[in-house]
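> Counting from 0, one number per residue, gives the positions in the sequence shown under my numbering.
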Amino acid sequence: MTSSWQQELKQALRNDHGAGLNQNPAFDPAAAGLFAPVITDSMLQAITQAADPTPLWRQFLPSAAENQTTPGFVQDPVGDGAATQVPGLIHKYQGRVLLIASGSCAVNCRYCFRRHFPYSQSYAPRQQWQASLAYIRGDASIHEVILSGGDPLTLSTKHLVQLTDQLATIDHVKTLRIHSRIPVVLPSRIDDEFSAWAQHINTHKVMVLHVNHPAELSQASRAAIAQLQQLGFVLLNQSVMLRGINDHAETLKQLSLDLFGLGVLPYYLHQFDPVQNAAHFAVSEAQTRAIHRQLMRSLPGYLVPKLVKEEAGQPHKTPVMSG
Ligand SMILES: *Cc1c(COP(=O)(O)O)cnc(C)c1O
Ligand code: SF4
Numbered sequence: 000m001t002s003s004w005q006q007e008l009k010q011a012l013r014n015d016h017g018a019g020l021n022q023n024p025a026f027d028p029a030a031a032g033l034f035a036p037v038i039t040d041s042m043l044q045a046i047t048q049a050a051d052p053t054p055l056w057r058q059f060l061p062s063a064a065e066n067q068t069t070p071g072f073v074q075d076p077v078g079d080g081a082a083t084q085v086p087g088l089i090h091k092y093q094g095r096v097l098l099i100a101s102g103s104c105a106v107n108c109r110y111c112f113r114r115h116f117p118y119s120q121s122y123a124p125r126q127q128w129q130a131s132l133a134y135i136r137g138d139a140s141i142h143e144v145i146l147s148g149g150d151p152l153t154l155s156t157k158h159l160v161q162l163t164d165q166l167a168t169i170d171h172v173k174t175l176r177i178h179s180r181i182p183v184v185l186p187s188r189i190d191d192e193f194s195a196w197a198q199h200i201n202t203h204k205v206m207v208l209h210v211n212h213p214a215e216l217s218q219a220s221r222a223a224i225a226q227l228q229q230l231g232f233v234l235l236n237q238s239v240m241l242r243g244i245n246d247h248a249e250t251l252k253q254l255s256l257d258l259f260g261l262g263v264l265p266y267y268l269h270q271f272d273p274v275q276n277a278a279h280f281a282v283s284e285a286q287t288r289a290i291h292r293q294l295m296r297s298l299p300g301y302l303v304p305k306l307v308k309e310e311a312g313q314p315h316k317t318p319v320m321s322g
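1) Hey, how far is the Cα of Val-303 from the Cα of Val-319?
2) Just confirm the distance between the C-beta atoms of Ile-135 and Ile-99, as a whole number of angstroms; I'd bet it's less than 8 Å.
3) Check for me: the alpha helix (DSSP H) holding Ser-217 runs from which residue to which?
4) Excluding five sequence neighbours on each side, which residues of the same chain lie with their C-beta closer than 7 Å to the C-beta of Asn-201?
5) Determine the direct distance from the alpha carbon of Gln-218 to that of Leu-227, and round the result to whole angstroms.
6) Verify whether the separation of the beta carbon atoms of Leu-185 and Lys-252 is less than 8 Å.
7) For Tyr-267, which three-state DSSP category applies?
8) Pick from Lys-91, Pro-28 and Trp-4: whose alpha carbon is nearest that of Ala-311?
9) By how many angstroms is the C-alpha of Thr-68 removed from the C-alpha of Val-160?
10) By the 10 Å Cβ neighbour count, where 16 or more other Cβ atoms means buried, how is Tyr-110 classified, buried or exposed?
11) Can His-269 be considered in contact with ligand 1, in the sense that its beta carbon sits closer than 7 Å to one or more heavy atoms?
12) Is the Cβ-Cβ distance between Ile-181 and Asp-150 less than 8 Å?
13) Alpha carbons only, please: which of Gly-260, Val-263, Pro-265 and Gln-286 is nearest the one belonging to Phe-271?
14) Please name the residue or residues paired with Leu-97 in a DSSP beta bridge.
15) Are the beta-carbon atoms of Gln-313 and His-269 separated by less than 8 Å?
16) Whose CA, out of Ser-179, Val-172 and Ser-194, lies closest to the CA of His-333?
17) In three-state DSSP terms, what is Asn-23?
18) Are Gly-21 and Trp-56 close, meaning C-beta to C-beta below 8 Å?
19) Taking the beta carbon of Glu-249 as the centre, do at least 16 other beta carbons fall within 10 Å, making it buried, or is it exposed?
20) Between His-158, Val-210, Ser-321 and Lys-308, which has its C-alpha nearest Arg-296's C-alpha?
21) Strictly under 8 Å for the Cβ-Cβ distance: is Ile-200 near chain D by that measure?
22) For the beta strand (DSSP E) that Ser-155 lies in, which residues bound it at each end?
23) Just to confirm, is the Cβ distance from Ala-31 to Gly-17 under 8 Å?
24) Whole angstroms is fine: what's the gap from Glu-65's alpha carbon to Ile-46's?
25) Please determine whether the Cβ atom of Tyr-110 lies at a distance below 7 Å from any heavy atom of ligand 1.
26) Please say whether Thr-156 and Trp-128 have beta carbons closer to each other than 8 Å?
27) Since Met-206 sits in a beta bridge, which residues does DSSP pair it with?
28) For Lys-9, count neighbouring C-beta atoms within 10 Å of its own C-beta (all shown protein chains included) and say buried if the count is 16 or more, exposed if not.
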């Protein structure tokens, strides 16, 4: 049986020639050819309802600026290619592994490094989960498994159950963490079946959302987040600092306050990775620090995300000191 969220997801992927996006006069077909435009009806609706839709369009609309290549901007800025243990499993940091559980997302964000990293080939296809699970079982120092992607919640609930049933047999895994943009871009995914699954998870449950701008928090996504809170997820958010989207302290302050209202604490604010074909999203390090300093001045400490960058070969995300 296909759930309604699966129909919306199929529709979004079928839109990969830009239905809904190509209505916008700034839609650039050449850029669309570089990285397929993918957006859900839910996000299109949020755009329609936004007081200022520009910060949302900018995240999803293929634009002419993407056709530029810029020196110093690269294909794999975070070195994930090198840290892959078994196909689809990245063990870069002590105690936690990242399982690329799905190669696809419900939206294609134009600034994402996934536009070059061939996740569609290197994610852990379900037949290969066994190798990843064997790796996790064999290393008792791994206490946290992070489902990432792509977006792990594009998997059917049936497949999520299969995965977590197996993880539940590994005693040293105490925490399941999910990195997902789906509660915001495809809120219907958080349905009864999902809730039944989440209720059966017997480890700690953490969900790290990805929201960059307060206008992404539509009515439907707020309801989905409220449901996640009911289900007992510890809710965190990560954002990327993006030019023309959230490169203002006021915007990020509002985002922290709105998320807090939904029970979500800010976690990371990523300095933009130098992703090739996305240089128009870059905010200088000096400006990023200045915005972060303003956030520290205007918010309680627990609503200020940690400013970090990702450097290949480092044992943790690198904190960026803003003063
Ligand atoms: C970001 C990341 C993690 C998680 O790091 P935390 O600091 O615990 O959020 C784990 N593995 C990889 C490969 C990562 O990129
Ligand atoms: S991985 Fe996250 S940021 Fe990248 S396209 Fe998917 S949803 Fe967007």
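Every residue, glycine too, gets a C-beta built ideally from N, C-alpha and C.
Let's see:
1) 13 Å
2) So it is not a contact: roughly 14 Å between Cβ atoms.
3) Careful: Ser-217 lies outside any alpha helix (DSSP H) and carries neither H nor E.
4) Ala-167
5) 15 Å
6) no
7) strand
8) Lys-91
9) 42 Å
10) buried
11) no
12) yes
13) Gln-286
14) Ile-89 and Ile-145
15) no
16) With the chain covering 0 to 322 only, the question about residue 333 has no answer from this structure.
17) coil
18) The amino acid occupying residue 21 in the given sequence is Asn; Gly does not appear at that position. Cβ atoms of Asn-21 and Trp-56: not closer than 8 Å.
19) exposed
20) Ser-321
21) Structure shown: chain D not included; a single protein chain is present.
22) Note, Ser-155: premise wrong, no beta strand (DSSP E); not H, not E.
23) yes
24) 21 Å
25) no
26) no
27) Ile-177 and Leu-234
28) exposed
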